[in-house]
Amino acid sequence: MRHCQFYLITSKKSEEVLNGLKKYTLGCENRADAHGFFWIDNGDNIQQIQLIFGEIVIEWFAGKWAKFSMTNREINVSNDADLPHGAHIMHPLEINTFSDTILNEARNARYPSEWSDKIMEKF
Numbered sequence: 002m003r004h005c006q007f008y009l010i011t012s013k014k015s016e017e018v019l020n021g022l023k024k025y026t027l028g029c030e031n032r033a034d035a036h037g038f039f040w041i042d043n044g045d046n047i048q049q050i051q052l053i054f055g056e057i058v059i060e061w062f063a064g065k066w067a068k069f070s071m072t073n074r075e076i077n078v079s080n081d082a083d084l085p086h087g088a089h090i091m092h093p094l095e096i097n098t099f100s101d102t103i104l105n106e107a108r109n110a111r112y113p114s115e116w117s118d119k120i121m122e123k124f
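In terms of my numbering, the sequence shown is residues 2 to 124.
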C-alpha cells in the first residue's frame, strides 16, 4: 500500500486569519479522496488538524487526543432535513480497528516538509 503524500495548497484563503488562526489546506498526490486542513496560531503552533480519508475524518485539537467521525455523504439523508446541498455532518465513530486503520494512515502519510514534524507529533 502506498502511503498518502500530502502537499500544501497555497491560496488567498491561507492568508486569511479568523479568530487568530490561519487555515492551511492539504491535497494528496496519490489518493483523490484524501485531503486535510490544519489551523495555526500566530506563533506557527498547530491548534487543530482535520484529515479526511474517504468519508472517515480524524481530527486533533490542541490539548486533546484525536477523535474520529464519518461524514454524511455516504448516508442517505432525507430531503426533509433542510440541509443545504453538499452539507456535511460528522457522525462520531467509536475507537475500533477501523479507527486504528485511519490513525495508521495519518501516522504513515508524508506531509509537507515544513510542517511534517509538527503534524506527526500530534498523532
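All C-beta atoms, glycine included, are put in the ideal place defined by N, C-alpha and C. Here the structure is a predicted model, which is why all the values come from computation and not from measurement.
Which stretch, first to last residue, makes up the alpha helix (DSSP H) that contains residue i?
i	result
lysine 61	The residue asked about is misnamed: residue 61 is tryptophan in this sequence, not lysine. Element bounds for tryptophan 61: not the alpha helix (DSSP H) but the beta strand (DSSP E), 57-62.
Tell me where the beta strand (DSSP E) around residue i begins and ends.
i	result
serine 117	Careful: serine 117 lies outside any beta strand (DSSP E), inside the alpha helix (DSSP H) at 114-121.
isoleucine 35	Just to set this straight, residue 35 is alanine in the shown sequence, not isoleucine. Counting along the chain, the beta strand (DSSP E) containing alanine 35 begins and ends at 35-41.
cysteine 29	22-29
lysine 68	68-71
phenylalanine 54	47-54
phenylalanine 7	7-10
Pop quiz: residue i and residue j are said to be a contact at Cβ under 8 Å. What is the actual Cβ separation, rounded to whole angstroms?
i	j	result
aspartate 42	glycine 21	6 Å
arginine 111	phenylalanine 124	So it is not a contact: roughly 13 Å between Cβ atoms.
glycine 37	isoleucine 50	7 Å
Short of 6 Å in beta carbon distance, which residues of its chain neighbour residue i, apart from the five on each side in sequence? Order them along the chain.
i	result
isoleucine 103	Phe54, Ile57, Ile59
lysine 23	Ile41
isoleucine 10	Thr26, Gly28
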